[in-house]
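Visitor: Before anything else, here's the structure in question.
There are 2 protein chains.
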Amino acid sequence: MTNIARNFTDIKHHMTLVQDSICQALEKASGDKFKTDEWNYKQGKGGGLTKVITGDVIEKGGVNFSAVEGRINEKLAKKMKVSSNTEFFATGVSLVLHPKNPFVPTVHMNIRYIDTGEKWWVGGGIDMTPYYPNIDDIKHFHLTLKKVCDQHRADYYEKFKKWCDEYFFIKHRNEARGVGGIFFDYINDDWQKNFNFVLDLGNSFNDSYIPILNARKDIAYSEENRKFQYYRRGRYVEFNLIYDRGTLFGLETQGRIESILMSLPPLASWVYDYKPTAGTAEAEIYKYLTPQNWV
Amino acid sequence: MTNIARNFTDIKHHMTLVQDSICQALEKASGDKFKTDEWNYKQGKGGGLTKVITGDVIEKGGVNFSAVEGRINEKLAKKMKVSSNTEFFATGVSLVLHPKNPFVPTVHMNIRYIDTGEKWWVGGGIDMTPYYPNIDDIKHFHLTLKKVCDQHRADYYEKFKKWCDEYFFIKHRNEARGVGGIFFDYINDDWQKNFNFVLDLGNSFNDSYIPILNARKDIAYSEENRKFQYYRRGRYVEFNLIYDRGTLFGLETQGRIESILMSLPPLASWVYDYKPTAGTAEAEIYKYLTPQNWV
């Protein structure tokens, strides 16, 4: 466990290290380079670094870092049980990758930290959305997350996996967004341990996801595979625009639109009443979209 | 003005006539045939006829008719100022067309009627979303709507056009969804006149939109034009999934998902921080996405 001081400079520094390490691993795996956009937070101090990658391996991907200071709005204040207008510092790293190859799952990860001086919280999560699922990939992904969790608290994996299954669920389709992962929010029992946990989660991305990307990115695929990927990406759009609290909160509070909606896929399709034929490779995924134990 | 009796059979009959007449006009204009799905309303009596067209003129389009009877849920009861659990009859025709040619605008129309025995209301609207705007088309579209409105009440067009501009606005983008049209809801001052007004609106579709489709459907277009259309269709998805009350209400009340989400485009794309170069054909539309007078 790294000993970290609870001051904004150190906290930001550790967050940017996570962003850098992930971006380096993704550049190595894809052969493409990230482009960087620096932006300022209009409603207060600070801003962010949005890093975007586009190419034949990652068709569209973004790894965002932000660190902002301002005053908490009414809605968030209620949720956080602090008086509205309280000063806050918030920082985090979030990523969504839409790989081009339909045999590589889409992935999302987010680690976040909020501090009001008096109180503080950490939150985060990671979840994977395959199109053509591979059970070994899913097991590897979950086992890696379980390992990170187990190093911190014995009940984290079970608890946070369940939280993830509940959160990333597309109610109107009665389908999970994918094969889950972990999700947690407003954790604040031990500053040093909790902050180290989110950093460990961030740093585990190169172990949980990158090997899957490397193993599947060169599989040959057909136009039909791509079409199915576009179709399933439609579900990703549905989840993010209808249910994702982070997205909706960002839009309501006039965050930086392009950074918030970076999670949306480069191409998505909606086909009226489409159902894959039983027994085809396209029908496989539907067996995986019910929360279940993977480890 | 057609004299119509306020009974469910007659009301439904007139609604289906609107659906039929529009579908015939679209089949003639496109050379393609609609496929029909009949469905039952699980939470009560009745159901609907979903008609879907897919082809080289209309890439994806649906013209829905539904007529259902049931008990009003709490949320809607509050809005309609009736006690919850009140019996209701609701019927309507709704359509969304996503043409393939990027020079043809996307269009949406909806006419609806609700009756609780004691009370009743009509509502409806139509709005157009071009990718490469043509001022003559927009003027023709709005003038046709104005004509329909003016035949019923002198203040309808101005009032309902404003309502449309306010409703079909994508707040987080600070952009209108398109060039507007008209929108109105919970109108109930004179049964015969109000019901005839929604029918006239429905029947005006073949005058307002079909001529635009016919005039533009064979314009040559490039892959770049298509890409821009995919990109702008992303905004349509954003509006429908984040703001459209009909869509969200349908999803919350477990309506027939495939009929509700039929409004979503066959292909849509999101490109990080895309802005068309000033002076290009792609930059044109942005001058049109601020509510303005067209007639």
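First to last, the protein sequences are chains A and B.
Each residue of the first sequence is one higher than the last, beginning at 472 in this note's numbering.
Each residue of the second sequence is one higher than the last, beginning at 472 in this note's numbering.
Positions of the beta carbon are idealized from the N, C-alpha and C atoms, including for glycine.
Give me the Cα-Cα distance between residue 625 (chain B) and residue 618 (chain B), rounded to the nearest whole angstrom.
Guide: 10 Å
Visitor: Can you pull the chain B residues whose beta carbon is under 9 Å from the beta carbon of residue 733 (chain A), in chain order?
Guide: 741, 743 and 744
Visitor: Any beta-carbon of chain B closer than 8 Å to the one on residue 643 (chain A)?
Guide: yes
Visitor: Output needed in chain order: residues of the segment 509–529 of chain A with a Cβ under 9 Å from some Cβ in chain B.
Guide: 521, 523 and 525
Visitor: Considering only C-alpha positions, which residue in the set B:484, B:724 and B:572 is nearest to residue 520 (chain B)?
Guide: Among B:484, B:724 and B:572, the Cα nearest to that of residue 520 (chain B) belongs to B:484.
Visitor: At a CB-CB cut-off below 9 Å, which residues of chain A make contact with residue 533 (chain B)?
Guide: Near residue 533 (chain B) (Cβ distances below 9 Å), the residues of chain A are 743.
Visitor: Could you check if residue 705 (chain B) is buried or exposed, using at least 16 other CB atoms within 10 Å of its CB as the buried criterion?
Guide: buried
Visitor: Can you tell me whether residue 574 (chain A) is helix, strand or coil according to DSSP?
Guide: coil
Visitor: Does any C-beta atom of chain A lie closer than 8 Å to the C-beta of residue 461 (chain B)?
Guide: Nothing can be reported for residue 461 (chain B), as the shown portion of chain B is limited to 472 through 766.
Visitor: With 9 Å as the limit, tell me which residues of the segment 688–702 of chain A have their beta carbon closer than that to any beta carbon of chain B; keep them in chain order.
Guide: 701
Visitor: Against chain A, which members of the segment 715–730 of chain B pass a CB distance test of less than 7 Å?
Guide: 722, 728 and 729
Visitor: Quick one: residues in its chain with C-beta nearer than 6 Å to the C-beta of residue 612 (chain A), no 5 flanking neighbours on either side, listed in chain order?
Guide: 599 and 679
Visitor: Please list the terminal residues of the continuous beta strand (DSSP E) segment that includes residue 531 (chain A).
Guide: 529–542
Visitor: Ends of the beta strand (DSSP E) at residue 743 (chain A)?
Guide: Residue 743 (chain A) -> no beta strand (DSSP E), and no H or E assigned at all.
Visitor: So the beta strand (DSSP E) residue 520 (chain A) belongs to, where does it begin and stop?
Guide: 516–524
Visitor: If you draw a straight line from the alpha carbon of residue 673 (chain A) to that of residue 756 (chain B), how long is it in whole angstroms?
Guide: 41 Å
Visitor: With a threshold of 8 Å between beta-carbons, can residue 614 (chain B) be considered close to chain A, or not?
Guide: no
Visitor: Residue 658 (chain A) lies in the beta strand (DSSP E); which residues open and close that run?
Guide: 652–658
Visitor: Under 8 Å Cβ-Cβ, which residues of chain A neighbour residue 637 (chain B)?
Guide: Going along chain A, no residue has its Cβ under 8 Å from residue 637 (chain B), so there is no contact; the nearest lies around 18 Å.
Visitor: Give the single residue among A:515, A:644 and A:698 whose Cα lies nearest to the Cα of residue 710 (chain A).
Guide: Measuring C-alpha to C-alpha distances from residue 710 (chain A) to each of A:515, A:644 and A:698 identifies A:644 as the nearest.
Visitor: Report back the beta-carbon spacing between residue 759 (chain B) and residue 604 (chain B) to the nearest angstrom; my notes put them in contact at under 8 Å.
Guide: So it is a contact: roughly 5 Å between Cβ atoms.
Visitor: Using only alpha-carbon positions, find the residue among A:568, A:690 and A:750 that is nearest to residue 534 (chain A).
Guide: Out of A:568, A:690 and A:750, A:568 has the C-alpha closest to the C-alpha of residue 534 (chain A).
Visitor: Does the segment 628–648 of chain B come close enough to the segment 585–592 of chain B that 3 or more CB-CB pairs lie under 8 Å?
Guide: no
Visitor: Which chain A residues are close to residue 709 (chain B), counting only those with a beta carbon under 7 Å from its beta carbon?
Guide: Residues of chain A passing the Cβ test: 712.
Visitor: Could you tell me which residues DSSP puts in a beta bridge with residue 599 (chain B)?
Guide: B:578
Visitor: Determine the chain B residues that contact residue 566 (chain A) at a beta-carbon separation under 9 Å, and present them in chain order.
Guide: Neighbours of residue 566 (chain A) on chain B: none; closest Cβ ~13 Å, over 9 Å.
Visitor: From the DSSP output, read off the bridge partner residues of residue 511 (chain B).
Guide: B:518
Visitor: Could you please give me the residues that DSSP links to residue 594 (chain A) through a beta bridge?
Guide: A:583
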